[in-house]
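Sequences listed follow chains A and B, in order.
The first sequence begins at 237 in the numbering used here and counts up by one.
The second sequence begins at 1050 in the numbering used here and counts up by one.
We treat Cβ as the ideally placed atom computed from N, Cα and C, and that holds for glycine.
Here the structure is a predicted model, which is why all the values come from computation and not from measurement.
Read through the structure below, which is laid out as structure tokens, and then see the notes.
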Amino acid sequence: MRHIISLLMENESGALSRVAGLFSARAYNIESLTVAPTEDATLSRMTIVTSGSEEVIEQIIKQLNKLVDVVKVLDLNDGRFIERELMLVKVKATGVHREEMKRMGDIFRGRIIDVADASYTIELTGSGAKLDAFLEAIDKTAILETVRTGASGIGRGDRILKL
Amino acid sequence: MQLNGAEIVIRSLHEEKVEFVFGYPGGAVLNIYDAIFQQDGFKHILVRHEQAAVHAADAYARSTGRVGVALVTSGPGATNAITGIATAYMDSVPLVVLSGQVPTAAIGQDAFQECDMVGITRPCVKHNFLVKDVKDLAATIKKAFYIAASGRPGPVVVDIPKDITAHTARFEYPESVSLRSYNPVLKGHSGQIKKALKLLLDAKRPMIYTGGGVVLGNASELLIKLVKQLGYPMTNTLMGLGGYPATDKQCLGMLGMHGTLEANMAMQECDVLLAVGARFDDRVIGNTAHFLDHPRKIIHIDVDPSSISKRVKVDVPIVGDINNVLTDMLELLAESDKTPNVAALKTWWQQIEAWRDRNCLNFNRDSVIIKPQYVVEKLWEVTKGEAYVTSDVGQHQMWAAQYYKFDQPRRWINSGGLGTMGVGLPYAMGVQLAFPEAKVACITGEGSIQMNIQELSTCKQYHLPIKVILLNNRYLGMVRQWQEFFYGNRYSESYMDSLPDFVKLAEAYGHVGMNIEQTSDVEGALKEAFAMKDRFVFLNFLTDQKENVFPMVPNGKGLSEIILAEDL
Ligand SMILES: Cc1ncc(C[n+]2csc(CCOP(=O)(O)OP(=O)(O)O)c2C)c(N)n1
Chain A
237 MRHIISLLME NESGALSRVA GLFSARAYNI ESLTVAPTED ATLSRMTIVT
287 SGSEEVIEQI IKQLNKLVDV VKVLDLNDGR FIERELMLVK VKATGVHREE
337 MKRMGDIFRG RIIDVADASY TIELTGSGAK LDAFLEAIDK TAILETVRTG
387 ASGIGRGDRI LKL
Chain B
1050 MQLNGAEIVI RSLHEEKVEF VFGYPGGAVL NIYDAIFQQD GFKHILVRHE
1100 QAAVHAADAY ARSTGRVGVA LVTSGPGATN AITGIATAYM DSVPLVVLSG
1150 QVPTAAIGQD AFQECDMVGI TRPCVKHNFL VKDVKDLAAT IKKAFYIAAS
1200 GRPGPVVVDI PKDITAHTAR FEYPESVSLR SYNPVLKGHS GQIKKALKLL
1250 LDAKRPMIYT GGGVVLGNAS ELLIKLVKQL GYPMTNTLMG LGGYPATDKQ
1300 CLGMLGMHGT LEANMAMQEC DVLLAVGARF DDRVIGNTAH FLDHPRKIIH
1350 IDVDPSSISK RVKVDVPIVG DINNVLTDML ELLAESDKTP NVAALKTWWQ
1400 QIEAWRDRNC LNFNRDSVII KPQYVVEKLW EVTKGEAYVT SDVGQHQMWA
1450 AQYYKFDQPR RWINSGGLGT MGVGLPYAMG VQLAFPEAKV ACITGEGSIQ
1500 MNIQELSTCK QYHLPIKVIL LNNRYLGMVR QWQEFFYGNR YSESYMDSLP
1550 DFVKLAEAYG HVGMNIEQTS DVEGALKEAF AMKDRFVFLN FLTDQKENVF
1600 PMVPNGKGLS EIILAEDL
């Protein structure tokens, strides 16, 4: 099953490579991994999307906790949470595509953030599944380039990952 | 007090009460070596290869329970240390390895003798540090010692650029460390301990299985108490030998691939299993599916949560320091009005004795050609079971584990996890330095000993009266055994051709060498060697070339599919 794991770690050089190294050394899947500093500059927040059996996920959580730089780990799938990902997609915007792309962007509540003679760049946020759905919905031959941030996640309501 | 980085390193090691630093100099650590020259707080041991420095520090740690320290230069010094670090990591040995690094400004420039030590060691250390500011140096060393020794121990690398060792800072060694991201759980969950005890007392066919964690956690005394009070059978893993006295009746010997019939069968057929500081390794439980085929309840005590339910799902996990958990368990046991099921236990012991009566470790003691088992058995007698025994990796390692009955912890020093050939001699150095008066024997093979043979020179320099027990079968025996069993006797590259004359070799290094070629000479030679209390003696026993290690649970088979010597 797909799991989103959130963690807080020391904002130190090398911390990211410890996490990435752990996943490759133990042959765990990484679908995506994002990391950025938090409001507390000494801490980074990382979101890892992974998949595996319950036993594997349990091991992943334990192994992450074991890393000396990792301060706190939360499996978002243990409760209710919100997942968001940002995607920028550059599409052909000539002929029929010009109107069609704007319409599809609107339907998915995307925004056109760059307009050129022959292309649009559309910004979209949502769950990974929603972004996939957008790419499915448009004409594949019209896609010039995509870039995705990977998922970020946060617990709903009182579920807070903080020191 | 303003000190330069090199002096800070030295002073920090003094603060940690370090006795020995095992090392080898080079460009990046010259400042540190200059500071070593001007101090006498610890003794520096100059090895002949950095791998041996780390192994020796590792053995010092294993035998004393203290943190071992090694010092190597950047680049090739650092890479030579890797096997030693990985070996210590796999067996959870507390080490601090200080490595030199090129100056901060040169990092990333492919400078002379540059290597990304933090990157290259990351998968085989508990943690590592690159010191970027001399102001952080003392605190980093303090953290390194703390992390290495606490929780589940392990090696920690501190990589120190050369300019840092020249820069100055105020020296203040921190009294204590606290890391918000690192807090090993020490106290076991009382509810879980209660549950565990109830299961244990309800058992009809109980079994206790203990590993290296008991030795590392200094938990032998409490383990013995618990096992004695319950009257249950117990077994040790290769790493756990000595954690419980091997000569005690309740000890069924080692389990696993080359474990005894009684230990493996009891492990397989028990209904309640208490695992203490052990990790259900593939060499221990054989085929996992086969092991799980037999229903049993499992209680697992370990300081490392990630060791629990990793290979085998357990019913009652208890995370905590073994001594703490066993203390709580013994207290509960004392208060409990429940007692072990005596009738069931009697039947269980009868079954176990029937297995034990098969005498699975028997071998031909009348052979003229020396049987390797015989040498180990005699070594045990001659040293009255009191020696520190280090070993290399191969058949001789298994015979050492099977026939030297360790009654005390920290006496058996071997590479269980990584299985590193070449550890034996440097291990013996680390132990002999820690215990100058003790009898130290290194049981080895002619393949393994040649992997760090250069250390004969170090042994001479520091007058280490180690006794090398070479079980010389002229084969990479363990490889040959597998080729005999599983590869149709095709002995591909497992014959050791062109062996040196080991007696002359020992003599060339200034030691005593002895050739022993028949069984009747074994005991006399051992006595003679150990009588030379202040000499390093190299005993070359020409042993039966085709002897195999039994019992054996073939790779991929279940514990009860064990093969005995008599089966063939
Ligand atoms: C560094 C290293 N290389 C290779 C091996 C694989 N290996 C395991 S046992 C063994 C043979 C050891 O031969 P020897 O030291 O002569 O001991 P024996 O088995 O004959 O007692 C080998 C090659 C290893 N464990 N370590």
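Minimum Cα-Cα distance from V1070(B) among the listed residues L1095(B), L1052(B) and G1076(B) corresponds to L1095(B). A buried status is given to R1254(B), since no fewer than 16 other beta-carbon atoms sit within 10 Å of its beta-carbon. Look at G257(A): its C-beta is under 9 Å from a C-beta on chain B. With distances taken between CA atoms, K1420(B) lies nearest to L1591(B) out of G1573(B), I1502(B), L1591(B) and Y1558(B).
Around D305(A), the beta-carbon contacts reaching into chain B at under 9 Å are H1176, S1230 and Y1231.
Under the 9 Å criterion on CB atoms, K1359(B) is classed as interfacial with respect to chain A. Between the alpha carbons of D350(A) and C1164(B) lies a distance of about 45 Å. In this structure, the CA atom of K298(A) is about 36 Å from the CA atom of L1474(B).
Among the CB atoms of chain B, one or more fall inside 9 Å of the CB of A261(A). Think of a sphere of 7 Å around the beta carbon of S1355(B): the chain A residues whose beta carbon falls inside it are Q295, K298, Q299 and K302, in chain order.
Counted as a single uninterrupted DSSP element, the beta strand (DSSP E) harbouring K328(A) occupies residues F317 to K328.
In this structure, the straight-line span from the alpha carbon of L1228(B) to that of V1058(B) is close to 21 Å. Using a CB distance cut-off of 9 Å, G250(A) counts as an interface residue toward chain B. Y1544(B) counts as exposed, since fewer than 16 other C-beta atoms from the protein chains shown sit within 10 angstroms of its C-beta. The beta carbon of M1545(B) sits closer than 8 Å to at least one heavy atom of ligand 1.
Taking 8 Å as the cut-off, the C-beta of R1360(B) does not count as close to any heavy atom of ligand 1. Comparing alpha-carbon positions, the option among I1350(B), I1334(B) and S1239(B) lying closest to H1343(B) turns out to be I1334(B). In the DSSP assignment, K1516(B) forms a beta bridge with A1490(B) and V1586(B). Contact of S388(A) with chain B is not assigned, every C-beta pair being separated by 9 Å or more. Residue pairing of H1063(B) in beta bridges, as defined by DSSP: absent, with no partner found. Contact with chain B is found for M245(A), since one of that chain's Cβ atoms lies less than 9 Å from the residue's Cβ. Put simply, of T270(A), G389(A), V307(A) and V292(A) the residue whose alpha carbon is nearest the alpha carbon of T278(A) is V307(A).
In the same chain as G1117(B), and ignoring 5 residues on each side of it, the C-beta atoms closer than 6 Å to its own belong to A1106, D1107, Y1109, A1110 and L1144, in chain order. Counting only residues of its own chain and dropping the five nearest sequence neighbours on each side, L303(A) has a CB closer than 6 Å to the CB of R254. Taking non-hydrogen atoms of ligand 1 into account, the C-beta of L269(A) is found less than 8 Å away from none of them. Cα atoms of K1247(B) and V1205(B): separation of roughly 39 Å, rounded to the nearest angstrom. Nearest neighbour of R238(A) by Cα position, chosen from S249(A), I358(A) and V285(A), turns out to be V285(A). S1148(B) and S1123(B) do touch by the CB rule: their CB atoms are close to 7 Å apart, below 8 Å. When CB distances to chain B are screened at a threshold of 8 Å, not a single residue of the segment 274 to 286 of chain A falls below it.
With a threshold of 9 Å between beta carbons, K1362(B) makes contact with chain A.
In terms of Cα proximity to V1180(B), the closest of L1617(B), F1161(B) and D1212(B) is D1212(B). DSSP places S253(A) within a helical segment (H, G or I) once states are collapsed to three. D350(A) has T357(A) as its beta-bridge partners, per DSSP. Between G393(A) and I318(A) a beta carbon distance of about 10 Å is seen, past the 8 Å cut, so the two are scored as non-contacting. Proximity to A272(A) across M282(A), I266(A), R316(A) and D314(A) peaks at M282(A), based on C-alpha coordinates. Here DSSP, grouped into helix, strand and coil, assigns E1495(B) to coil.
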